[in-house]
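Following: one structure in structure tokens, then a few remarks.
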Amino acid sequence: MKDTLVEKLVHIADMLGLDRETVRLTYPENHEHGEFSSNIALANAKKSGLRPHELAERIVTEFKKNIPEFVASVEIAGPGFINFKIKDRALSEEIVRLARLGADLGRSGGEAGRKIMVEYTDPNPFKVFHIGHLMANAIGESISRLVEFSGANVLRANWQGDVGPHVAKAVWAARLVKDRSDGRNLDAALWGKAYAAGARAYETDTTAKAEIEEINRKIYDRSDPAINALYDQGRQTSLDAFEGMYKRLGTKFDHYFFEGAEGREGEEIVRAHLDGGIFEKSEGAIVFKGERFGLHTRVFITSAGLPTYETKELGLNREKFKLYPDLAQSIIVTGNEQSDYFKVLLKVMELIYPKITEKTKHIAHGILRFASGKMSSRAGNVIAAETLIDEIKSLVEKKTAGRAFKQAEAAEIVDSIAVGAIKYAILRQAIGSDVIFDSATSISFEGDSGPYLQYAAVRANSVLEKAAAEGITVGPEGGLEFPNTVSPLEKLLSRFPDLVMRARSEYAPQIMANYLTVLAGKFNSFYASQVIVDGQNKLSPYYLLVTKTFLAAMRNGLWLLGIGVPKKM
RNA sequence: GCUCCCAUAGUUUAAUGGAUAGAACGCGGGCCUCCGAAGCUCGCGAUGCAGGUUCGAUUCCUGCUGGGAGCACCA
Numbered sequence: 417m418k419d420t421l422v423e424k425l426v427h428i429a430d431m432l433g434l435d436r437e438t439v440r441l442t443y444p445e446n447h448e449h450g451e452f453s454s455n456i457a458l459a460n461a462k463k464s465g466l467r468p469h470e471l472a473e474r475i476v477t478e479f480k481k482n483i484p485e486f487v488a489s490v491e492i493a494g495p496g497f498i499n500f501k502i503k504d505r506a507l508s509e510e511i512v513r514l515a516r517l518g519a520d521l522g523r524s525g526g527e528a529g530r531k532i533m534v535e536y537t538d539p540n541p542f543k544v545f546h547i548g549h550l551m552a553n554a555i556g557e558s559i560s561r562l563v564e565f566s567g568a569n570v571l572r573a574n575w576q577g578d579v580g581p582h583v584a585k586a587v588w589a590a591r592l593v594k595d596r597s598d599g600r601n602l603d604a605a606l607w608g609k610a611y612a613a614g615a616r617a618y619e620t621d622t623t624a625k626a627e628i629e630e631i632n633r634k635i636y637d638r639s640d641p642a643i644n645a646l647y648d649q650g651r652q653t654s655l656d657a658f659e660g661m662y663k664r665l666g667t668k669f670d671h672y673f674f675e676g677a678e679g680r681e682g683e684e685i686v687r688a689h690l691d692g693g694i695f696e697k698s699e700g701a702i703v704f705k706g707e708r709f710g711l712h713t714r715v716f717i718t719s720a721g722l723p724t725y726e727t728k729e730l731g732l733n734r735e736k737f738k739l740y741p742d743l744a745q746s747i748i749v750t751g752n753e754q755s756d757y758f759k760v761l762l763k764v765m766e767l768i769y770p771k772i773t774e775k776t777k778h779i780a781h782g783i784l785r786f787a788s789g790k791m792s793s794r795a796g797n798v799i800a801a802e803t804l805i806d807e808i809k810s811l812v813e814k815k816t817a818g819r820a821f822k823q824a825e826a827a828e829i830v831d832s833i834a835v836g837a838i839k840y841a842i843l844r845q846a847i848g849s850d851v852i853f854d855s856a857t858s859i860s861f862e863g864d865s866g867p868y869l870q871y872a873a874v875r876a877n878s879v880l881e882k883a884a885a886e887g888i889t890v891g892p893e894g895g896l897e898f899p900n901t902v903s904p905l906e907k908l909l910s911r912f913p914d915l916v917m918r919a920r921s922e923y924a925p926q927i928m929a930n931y932l933t934v935l936a937g938k939f940n941s942f943y944a945s946q947v948i949v950d951g952q953n954k955l956s957p958y959y960l961l962v963t964k965t966f967l968a969a970m971r972n973g974l975w976l977l978g979i980g981v982p983k984k985m
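Just so we're aligned: the first sequence equals residues 417 to 985 in the working numbering.
Below you can see the structure in the form of structure tokens.
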């Protein structure tokens with residue numbers, strides 16, 4: 417319906433000599449303003465030399481010459497808005513149409529054939545998978561799924577620092593621990609502690625600092641068998657632990673890139689452009705002077721001859737397009753503390769390989785902070801993702817204590833609710849600003865929360881199950897009885913496919929999160945205002961059809977946020 | 001010091017330059033002999049300050065105030 421109206425308005429805009437780019441339809445907040453609204457007359461009044469109201473009248477006159485069947489009325493309101501009201505019957509029929517789409521509701525083919533890589537999470541082996549990684553993962557996964565729904569072929573990528581000073585610090589400390597513990601291997605948590613211990617020693621102990629720097633070099637050139645063995649074991653242990661976390665979060669990566677490999681590729685690029693005016697030598701290091709572009713200077717090769725993160729990333733981004741020359745877009749999700757760094761990197765990339773750079777997009781997110789409670793962030797205190805999830809899990813367990821679940825399904829339900837609660841808290845607001853996660857009060861499972869959405873979906877599912885048990889059919893497509901007036905639920909539900917596209921094009925999961933919250937509220941009101949499953953009511957099959965469409969929208973909408981719908985809760 | 005980002009009810013936040021700034025938590029009322037009350041329903045309550053652009057500014061521009069981040073061999 418929206419597409420048909422836009423098409424017609426574009427046609428009229430062309431006829432009247434208006435800017436067709438200004439043709440946009442919005443959903444008015446006030447339902448008295450109809451289902452769709454256009455400000456085209458306001459936007460073009462000045463250029464056309466007419467008053468907004470006069471221009472609106474001309475447009476409406478043209479529009480009425482051939483009015484689409486589903487339109488109930490067209491009115492000019494306020495300063496010159498054109499408001500469209502849709503027939504209730506047409507909205508009901510739209511719900512029938514959406515119901516037929518089933519699991520494909522919201523999918524479109526606009527980006528079919530496009531290959532898009534999304535890089536996110538990026539934890540470093542030897543260090544803990546912390547809540548920053550959790551946040552990046554939630555956002556990156558949701559963006560990946562939004563892109564996937566538009567028909568593109570998404571390649572999920574993970575970029576991990578398996579070499580560098582942080583690794584040397586961990587290996588240095590691990591060596592000492594191993595000497596004292598019968599040569600037993602360290603698990604992922606101990607490796608995380610080893611890193612922290614090594615990092616402290618590096619700051620305070622000059623002997624340790626020298627040893628760590630030597631280990632760093634040995635890791636790069638793999639010259640010491642004992643170090644190699646320790647390093648290989650630690651790397652694998654960390655990566656295995658990360659896989660467990662991805663499974664829990666519902667992410668599966670297609671590609672793992674490592675700094676060890678890309679660093680060598682990056683070095684070649686830097687050395688190849690050393691005399692080309694991009695890089696220069698300074699104090700023994702090779703640097704890029706960004707000041708001439710309004711940026712800052714960054715080191716690419718250290719005075720010790722080792723590549724820095726920037727060089728490794730230079731290799732990485734070329735490698736992505738070497739692997740997939742037909743990549744249409746490369747999206748990189750990181751924390752916003754890297755925003756300025758990325759500006760420098762993208763400038764260097766633009767100077768070296770402009771075509772790749774055009775297709776590369778950096779998305780920056782904020783950090784997860786805690787207002788109060790035992791997880792409130794103290795300086796230098798890194799919170800493991802697992803700690804947060806377990807904390808929320810225990811809250812969920814308390815909350816669900818009164819519910820009778822089978823032992824086997826209880827664990828799955830609690831995990832689904834806990835992860836859903838955390839993901840929703842991250843995705844409900846605009847990417848880029850910090851998420852304030854108050855572990856004392858804000859993890860309520862009421863109102864604006866993941867569990868609220870899951871609850872509405874579970875409830876809808878239980879209604880449908882009851883109908884099936886009572887043998888009431890869900891909206892037979894021929895001879896379905898429609899109500900005279902449609903509820904706000906159907907109106908909102910009909911926007912779902914359009915909202916998915918908007919969330920995708922703006923890289924904004926929060927558009928979906930917000931929409932689902934309002935939608936769930938409308939369903940809850942719908943549910944409260946009449947009995948849906950009622951063998952005596954001729955409208956019951958229609959109500960069930962609306963419920964079915966609602967559930968499909970919730971399932972797909974929550975899936976786009978990376979949140980599952982439990983069977984019960 | 002320089003650069004970037006942010007500022008909306010008590011709190012956490014939404015709003016492709018548009019109409020009466022939308023929610024949630026909290027607070028105060030009402031609703032379970034009816035499909036799951038983790039729900040529904042009614043009420044109170046907000047655009048940091050000063051200018052500018054515009055028919056129209058939470059949104060764009062300038063300054064100020066307050067907060068966060070980054071700025072040479074870390075990632």
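Cβ coordinates follow ideal geometry from the N, Cα and C atoms, glycine included.
For residue i, which of the options has the nearest alpha-carbon?
i      : options                        : result
GLY614 : TYR672, PHE861, LEU550, ASN632 : ASN632
ASP621 : ARG638, ALA589, THR442         : ALA589
ALA568 : ASP640, ALA552, LEU743, ILE685 : LEU743
ALA873 : THR889, ALA817, ALA936         : ALA936
LEU732 : ALA720, ILE694, ILE685         : ILE685
TYR536 : ARG530, PRO899, GLY751         : GLY751
SER464 : MET431, GLN745, TYR611         : MET431
ARG436 : ASN446, TYR443, THR442, LEU425 : LEU425
ARG530 : LYS728, GLN745, PHE695         : GLN745
TYR923 : SER566, VAL544, GLY608, LYS954 : SER566
LEU961 : ILE948, GLN952, GLU630, ARG971 : ILE948
HIS449 : ILE492, ARG687, GLN823         : ILE492
GLU897 : ASP504, ILE456, ASP831, SER453 : ASP504
What three-state label does DSSP hand residue i in the structure shown?
i      : result
SER454 : strand
ARG664 : helix
ARG638 : coil
LEU935 : helix
GLU445 : coil
LEU722 : coil
SER521 : In the sequence under discussion, the amino acid at residue 521 is Leu, which differs from the Ser named in the question. It is coil, neither helix nor strand.
PRO982 : coil
THR420 : helix
ARG714 : strand
LEU880 : helix
Hey, would you say residue i sits closer than 8 Å to residue j, going by beta carbons?
i      : j      : result
LEU977 : LEU762 : no
VAL422 : ALA429 : no
VAL490 : PHE500 : yes
THR963 : ALA876 : yes
LYS815 : PHE861 : yes
GLY518 : ALA968 : yes
LEU784 : PHE673 : no
GLY556 : VAL534 : yes
GLY866 : ILE979 : yes
SER910 : LEU507 : yes
GLU735 : GLU683 : no
MET928 : GLY863 : no
VAL890 : LEU905 : no
GLU726 : PHE737 : no
With which residues is residue i paired in a DSSP beta bridge?
i      : result
LEU592 : According to DSSP, which records beta bridges pairwise, LEU592 is partnered with nothing at all.
GLN576 : PHE674
LEU571 : MET533
HIS378 : Here the chain comprises residues numbered 417 to 985, so residue 378 is not present and cannot be evaluated.
HIS546 : ALA800
GLU491 : ASN499
ILE755 : Checking the sequence, you will find Ser at residue 755 rather than Ile. Looking at the DSSP assignment, SER755 forms no beta bridge with any residue, so it has no partner.
GLU696 : VAL703
LEU784 : VAL851
With residue i and residue j assumed to form a contact (beta carbons below 8 Å), what rounded beta-carbon distance in angstroms separates them?
i      : j      : result
SER560 : ARG572 : 6 Å
GLU510 : MET417 : 7 Å
TYR636 : LEU722 : 6 Å
HIS546 : VAL798 : 5 Å
LYS938 : LEU908 : 5 Å
ALA410 : LEU562 : Residue numbering for the chain in the displayed model covers 417 to 985; residue 410 lies beyond these limits and cannot be assessed.
LEU804 : ILE838 : 7 Å
ALA528 : ASP538 : So it is not a contact: roughly 29 Å between Cβ atoms.
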